[in-house]
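K.L.:
Residue numbers 81 to 227, in this note's numbering, belong to the letters of the sequence shown in order.
From the three backbone atoms N, C-alpha and C, an ideal C-beta is built for every residue, glycine too.
Next up is a structure, given as structure tokens.
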Amino acid sequence: MSNLVLRLCFLGGGIGGSVILAVGLLRRHTSMVQKRFRRRDPQPNEIFLAACGVAGADHAKIAIAVREVLAEMGGVPAASLWASDKFDSDLQWLPFCNFFYISDFADQLARKSGFRLQGKHLTLPHPDIAPRGMTLGEFTVRILKCV
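Given below as structure tokens:
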């Protein structure tokens, strides 16, 4: 009986150790990605807005707020996020991408810009604005359609 307990403790420690190692590696990788974004050439707001095809002061304010909120969620400077960045490749390792909850994003966007997203299902990834498979510019334009 004690041999079985020892085996279970060893197995549990092995799994626990593996989990700790995996979390440590993920944090290290995320930190490296964040450093890469911090060293990146900044994309000024004017270029970001033009690349998104955004015109008008109200839309520009929201588009810049979208970028700033995602930058805060990702732990990087807003200017390091380019309109051409793809969620599935360029942004995938930033902290917000693995567990993107549109409700968290919507709350932070409302706090920063004063605009609220319209929609019934903001607690789930909204099908019209879920970021998978699109660029930051495309995501921003979709957000503008929901305010």
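Based on the DSSP secondary-structure assignment, which residues constitute the bridge partners of K192?
P.N.:
For K192, which the question treats as bridged, DSSP gives no partner whatsoever.
K.L.:
Name the DSSP bridge partner or partners of K166?
P.N.:
Paired residue(s): T215.
K.L.:
Determine, using beta-carbon pairs with one atom in the stretch 158-169 and one in the stretch 188-195, whether at least three such pairs fall under 8 Å.
P.N.:
Too few Cβ pairs lie closer than 8 Å, so no.
K.L.:
One question on the structure: do L174 and V149 come within less than 8 Å of each other, judged by their Cβ atoms?
P.N.:
No, these two residues do not count as a Cβ contact at 8 Å.
K.L.:
Are A163 and L224 touching if we call contact CB-CB under 8 Å?
P.N.:
No, Cβ-Cβ distance for A163 and L224 is not below 8 Å.
K.L.:
Report the residue ranges of all alpha helix (DSSP H) runs contained in full by the stretch 107-156; include only those spanning at least 4 residues, in chain order.
P.N.:
Entirely contained in the stretch 107-156, the alpha helix (DSSP H) runs reaching 4 residues are, in chain order, 125-132, 137-154.
K.L.:
Helix, strand or coil: how does DSSP classify R222 here?
P.N.:
Note: R222 maps to helix in three-state DSSP.
K.L.:
By Cβ distance, which residues of its chain are closer than 7 Å to K141, with the 5 residues on each side in sequence left out?
P.N.:
Within the same chain, K141 has close Cβ partners S193.
K.L.:
Apart from the five residues on each side of it in sequence, which residues of its chain come closer than 8 Å, Cβ to Cβ, to V227?
P.N.:
These residues qualify, in order along the chain: I142, F195, R196, L197, Q198.
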